[in-house]
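2 protein chains.
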Amino acid sequence: MDDQLSRVFSALADPIRRDMVARLADADAGVNELAEPYDVSVQAVSKHLKVLEEAGLVTRTRDAQRRPVHLEAEVFDLMTKWIERYRRQAEERYRRLDDVLAEMDTDTAAPDRQRGAS
Amino acid sequence: MDDQLSRVFSALADPIRRDMVARLADADAGVNELAEPYDVSVQAVSKHLKVLEEAGLVTRTRDAQRRPVHLEAEVFDLMTKWIERYRRQAEERYRRLDDVLAEMDTDTAAPDRQRGAS
DNA sequence: ACCGCATTCAACTCAGGGGTTGAACAAGTG
DNA sequence: CACTTGTTCAACCCCTGAGTTGAATGCGGT
Chain A
1 MDDQLSRVFS ALADPIRRDM VARLADADAG VNELAEPYDV SVQAVSKHLK VLEEAGLVTR
61 TRDAQRRPVH LEAEVFDLMT KWIERYRRQA EERYRRLDDV LAEMDTDTAA PDRQRGAS
Chain B
1 MDDQLSRVFS ALADPIRRDM VARLADADAG VNELAEPYDV SVQAVSKHLK VLEEAGLVTR
61 TRDAQRRPVH LEAEVFDLMT KWIERYRRQA EERYRRLDDV LAEMDTDTAA PDRQRGAS
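Shown next, in the form of structure tokens:
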């Protein structure tokens, strides 16, 4: 797991991390704040944040002794591009398949009608 | 990791599995076929397929002794919906932040005619 | 019935992920 | 300076994930 895409997907594979992202979409927050809803230690949440950070999903600034976490939404595009690419490709393929089937229909419908449709 | 979203993200976190999906977007394929490009055992690929299958990304039919793997692109929507939701939310938030900043500009430009609205 | 091919099951190794606790490190505040 | 708050580092457990090899299963072909 070395490329960014892997890191992003992997980061979002964890429900806690997804939830943190969801909350960060609404407002920046510090580690303690973020940790509050879950019943895991603050250190665990800190680790989760590190994962999100290394995936490029999040950045951190300093504000006195707090280190507010900020969501970086651009990385999402990396995923959507990948996903959309193959979704489109698959759909395009099905479309062609439909064409082929339609073609077969006309083949069997119009030409040699010495053998009912399948 | 029990919910589908986690399974899908987790499934795509692996480069080999992503590559398999990419190839399956182009054409269905059997396990051996799929395994060929990678230098891992066929059994390993079989396991990868199981992961993709349990994530709902792939289905398998039977054709003689082969078990062609077929990409199910609908599951992608699950991810894009999630991603887009929070991407939009974050962007909306930034937009509001811009408004606030603009507001502050006008406040300081056309100074307090009685302590501007909150 | 037997052989061969494609696929999966079983048992095992090894590395890494997510969790813990306890100590360390910053950065205000008395 | 001492103290408190917020956050991270370190060492450790336990379990899962990706890989292996070897044997079983499913299904034609002859």
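Chains as they are written, first to last, in UniProt numbering: chain A, 1 to 118; chain B, 1 to 118.
By construction, the Cβ of each residue, glycine as well, lies at the ideal position given by its N, Cα and C atoms.
Query	Result
Secondary structure at T80 (chain A), three-state DSSP: helix, strand or coil?	helix
Please confirm if R93 (chain B) has its CB atom under 8 angstroms from at least one CB of chain A.	yes
Decide if the segment 80-99 of chain B is in contact with the segment 57-67 of chain B; the criterion is three or more beta carbon pairs, one per stretch, under 8 angstroms apart.	no
Give the straight-line distance between the Cα atoms of residue 146 (chain A) and R96 (chain A), rounded to the nearest whole angstrom.	Here chain A has residues from 1 to 118 only, and residue 146 (chain A) is not among them.
Assign H70 (chain B) to buried or exposed, taking buried as 16 or more other Cβ atoms, counted over all protein chains shown, within 10 Å of its Cβ.	exposed
Can you tell which of A:L5, A:A27, A:S6, A:A35 has the C-alpha that lies nearest to the C-alpha of R17 (chain A)?	A:A35
Could you check what DSSP says for D63 (chain A) in three-state terms: helix, strand or coil?	strand
How long is the line joining the alpha carbons of K47 (chain A) and T61 (chain A), rounded to whole angstroms?	17 angstroms
Where do the ends of the alpha helix (DSSP H) carrying V40 (chain B) lie?	Taken as a continuous stretch (DSSP letters only), V40 (chain B) belongs to no alpha helix (DSSP H), as it is neither H nor E.
If you measure between the beta carbons of V31 (chain B) and L49 (chain B), is that distance less than 8 angstroms?	yes
Pull the bridge partners of V69 (chain A) from the DSSP assignment, please.	A:A29, A:R60
When the Cα atoms are used, what is the spatial distance from T59 (chain B) to D14 (chain A)?	24 angstroms
Identify, in the order they occur along the chain, each residue of the same chain with its Cβ nearer than 8 angstroms to the Cβ of Y5 (chain B), setting aside the five sequence neighbours on each side.	The sequence given here places Leu at residue 5 (chain B); Tyr does not occur at that position. Within the same chain, L5 (chain B) has close Cβ partners L78, M79, W82.
Kindly indicate which residue of A:Y94, A:R7, A:V42 has the alpha-carbon position closest to the one of L57 (chain A).	A:R7
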